[in-house]
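Protein chains in written order, with our numbering: chain A, 1 to 161; chain B, 1001 to 1374.
Right, here's the structure in full:
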């Protein structure tokens, strides 16, 4: 299966949901997912896993684009069988970022989503165990990897002094 | 997890400090008798905020920072970071520099597997194995020290090249060390194979099947021990790995013994790669003459864009997702370490085993909390 086939298959199955799909190189494709319809992330991931052989969630992360007022959640989905890696991006409003969890599809998304939740404040619906992973309890709500995080001395640091 | 269901159950906290652990993390185990009923990992005891630090450093200042994600795999961490920046800024690396990088990175794999095997031996009470491997590891570290000037955190790669050329006498020293090391690795294999207690404890314990391992997102030796031939050096070749002949070491059983065999075979394969690289390495400059970037590039602006660069770390698939906004600092740098999914896969692997096997299984996965926490 080559990169162009994957894009064609995605565009055909999710017309109107997938946009900006492009072939970056022989082994890289990228696409945006417009998160308007309910459960679309999970549905797309299930399709990728079942139909296109993308059985390995390589990475899930987020980026805070403060100027645009958006938080982008990024999935890097690869395969154990073919070398193509798909970069799937979802734009969320910065003031209330909510997205469907993909843990039912990719089991190892669990920790990635917990981490994005505590660092960026992205709420995952239907996540089995959404709590903080690497930060202390009292830092929940600070969202330290957002660009407007104050840094030192912040609320948490003041408590220590 | 916090609630005990009956009076015959007990909760045991392994850690945050425990001799079995490769760094501070807490493993909560709910036991019924000797059997593990439930397991849960708590991270965050060594969280360094590397991703936030990288956002506040210039690109060159980031290199020593990524070294410290995990000291065992400093070279592959650097390769992920520097490779990602080179892709973003479209920087070409001369062939000689690429060969030097391959040599140092394979040496790094060698010493990481040596310590991983030895530590595993120490976890199951086979402490003499630790003494053996740590001795040989020091020889490998001396080789890296000769080139980079540091035993563990090297800060050796630069954008578009490497800091220094190979020193005089390096090739002879490598070949001398390898003659010895090959015999020693055969000796480790004999020691493991001939040890009745080791085989009784580890054969058929902590078994991962290929389907389960894929589902858990595991990569590196634990995955290859299940028979899946997944190696970034083959699947998405970087540097000059395409010109080098090596095979991906796999085993079928997926148990602890298979993981150790994969590591021992990978050490032999790494030495084979280094010997080839030393034979094939061309003469030439370390940096291209017309390159905008060189050894010292304190102010370096990288064109806007994003890139996900993957390399094969000793523990598995290492990735770096970098976003640039055109300034001299990364807008976002996400470290995707191989240990993170491996540690995440530990609780399901432990459930149903006995308390005595916990250290053996956890040790055979070769975790590193420092990298999982970042």
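Quick reminder that beta carbons are idealized off the backbone N, C-alpha and C, glycines included.
Source: prediction; values computed, not measured.
Going by alpha carbons, who is nearest to residue i out of the options?
i                       : options                           : result
residue 128 of chain A  : A/143, A/49, A/136 and A/106      : A/106
residue 66 of chain A   : B/1060, B/1245, B/1336 and B/1325 : B/1325
residue 130 of chain A  : A/102, A/71, A/30 and A/31        : A/102
residue 1115 of chain B : B/1276, B/1354, B/1372 and B/1264 : B/1264
residue 1241 of chain B : B/1088, B/1072, B/1105 and B/1009 : B/1105
residue 1224 of chain B : B/1134, B/1247, B/1202 and B/1237 : B/1247
residue 132 of chain A  : A/116, A/147, A/125 and A/146     : A/116
residue 972 of chain B  : B/1360, B/1007 and B/1252         : Residue 972 of chain B is absent from the model: chain B starts at 1001 and stops at 1374.
residue 1011 of chain B : B/1021, B/1027 and B/1019         : B/1027
residue 1333 of chain B : B/1057, B/1007 and B/1018         : B/1057
residue 1112 of chain B : B/1345, B/1276 and B/1022         : B/1022
residue 85 of chain A   : A/17, A/64 and A/58               : A/58
residue 1078 of chain B : B/1156, B/1197, B/1095 and B/1047 : B/1156
residue 1148 of chain B : B/1189, B/1080 and B/1074         : B/1074
By the criterion of Cβ-Cβ separation under 7 Å, what are the contact partners of residue i in chain A?
i                       : result
residue 1301 of chain B : Per Cβ cutoff of 7 Å: no residues; residue 1301 of chain B is ~18 Å from chain A at best.
residue 1373 of chain B : 134
residue 1341 of chain B : 108
residue 1051 of chain B : 145
In the DSSP assignment, find the unbroken beta strand (DSSP E) run with residue i in it and report its ends.
i                       : result
residue 1150 of chain B : Neither: residue 1150 of chain B is in no beta strand (DSSP E) and is coded neither H nor E.
residue 100 of chain A  : 98-100
residue 1014 of chain B : 1009-1014
residue 1324 of chain B : 1316-1324
residue 1333 of chain B : 1332-1336
residue 19 of chain A   : 18-25
Do you know offhand how far residue i's Cα is from residue j's?
i                       : j                       : result
residue 161 of chain A  : residue 1068 of chain B : Unreliable placement is indicated for residue 161 of chain A, whose pLDDT of 43 sits below 50; no coordinate value is reported for it.
residue 1053 of chain B : residue 136 of chain A  : 18 Å
residue 1239 of chain B : residue 1025 of chain B : 35 Å
residue 21 of chain A   : residue 1338 of chain B : 28 Å
residue 1175 of chain B : residue 1164 of chain B : 20 Å
residue 1193 of chain B : residue 1132 of chain B : 16 Å
residue 108 of chain A  : residue 1350 of chain B : 16 Å
residue 1216 of chain B : residue 1195 of chain B : 31 Å
residue 1161 of chain B : residue 1076 of chain B : 15 Å
residue 62 of chain A   : residue 95 of chain A   : 15 Å
residue 1061 of chain B : residue 1121 of chain B : 37 Å
residue 60 of chain A   : residue 1033 of chain B : 38 Å
residue 1316 of chain B : residue 1300 of chain B : 31 Å
residue 1271 of chain B : residue 7 of chain A    : 41 Å
residue 1127 of chain B : residue 1329 of chain B : 45 Å
residue 1245 of chain B : residue 15 of chain A   : 44 Å
residue 1038 of chain B : residue 1310 of chain B : 33 Å
residue 1319 of chain B : residue 1185 of chain B : 30 Å
residue 1313 of chain B : residue 74 of chain A   : 22 Å
residue 1285 of chain B : residue 1097 of chain B : 8 Å
residue 1369 of chain B : residue 1043 of chain B : 8 Å
residue 1373 of chain B : residue 1015 of chain B : 15 Å
residue 1188 of chain B : residue 1253 of chain B : 20 Å
residue 122 of chain A  : residue 44 of chain A   : 19 Å
So residue i contacts chain A; which residues on that side make the cut at Cβ distance below 8 Å?
i                       : result
residue 1344 of chain B : 108, 110 and 111
residue 1047 of chain B : 134 and 135
residue 1236 of chain B : 27, 83 and 85
residue 1336 of chain B : 58, 59, 61 and 76
Would you mind reading off the limits of the alpha helix (DSSP H) that contains residue i?
i                       : result
residue 1113 of chain B : 1095-1123
residue 1247 of chain B : Element bounds for residue 1247 of chain B: n/a, residue is neither H nor E.
residue 43 of chain A   : 40-51
residue 1050 of chain B : 1050-1055
residue 30 of chain A   : Per DSSP, residue 30 of chain A belongs to no alpha helix (DSSP H); it is in the beta strand (DSSP E), 28-33.
residue 13 of chain A   : 3-13
residue 1232 of chain B : 1232-1235
residue 1224 of chain B : 1221-1224
residue 1365 of chain B : Note, residue 1365 of chain B: premise wrong, no alpha helix (DSSP H); not H, not E.
residue 124 of chain A  : Run containing residue 124 of chain A: none in the alpha helix (DSSP H); it sits in the beta strand (DSSP E), 123-125.
residue 1392 of chain B : Residue coverage of chain B in this structure runs from 1001 to 1374, which leaves residue 1392 of chain B outside it and unanswerable.
Run through chain A and tell me which residues come within less than 9 Å of residue i, C-beta to C-beta.
i                       : result
residue 1319 of chain B : 58, 59 and 76
residue 1044 of chain B : 132, 133, 134, 135 and 136
residue 1308 of chain B : 28, 58, 59, 74, 76, 85 and 87
Taking Cβ-Cβ distances shorter than 7 Å, what residues in chain B pair up with residue i?
i                     : result
residue 50 of chain A : None at all; the shortest Cβ gap to chain B is about 13 Å.
residue 55 of chain A : 1214
residue 63 of chain A : 1323 and 1332
What residues from chain B crowd round residue i, counting only those whose CB sits closer than 8 Å?
i                     : result
residue 80 of chain A : 1214, 1228 and 1230
Could you tell me if the beta carbon of residue i falls within a distance shorter than 7 Å of some heavy atom in the ligand SAH?
i                      : result
residue 112 of chain A : What this structure holds is no ligand at all, so the ligand SAH is not there to describe.
Checklist entry - If contact means a Cβ-Cβ distance below 7 Å, which residues of the segment 1204-1229 of chain B contact chain A? => result 1214, 1215, 1216, 1217 and 1228
Checklist entry - Just by C-beta distance, which residues in the segment 13-41 of chain A are closer than 7 Å to chain B? => result 27
Item to check | Chain-ordered residues of the segment 1320-1331 of chain B with a beta carbon less than 8 Å from chain A | outcome: From the segment 1320-1331 of chain B, only 1321, 1323 and 1331 have a Cβ closer than 8 Å to chain A.
Checklist entry - Residues in the segment 1183-1207 of chain B with C-beta within 8 Å of chain A's C-beta atoms, listed in sequence order? => result none
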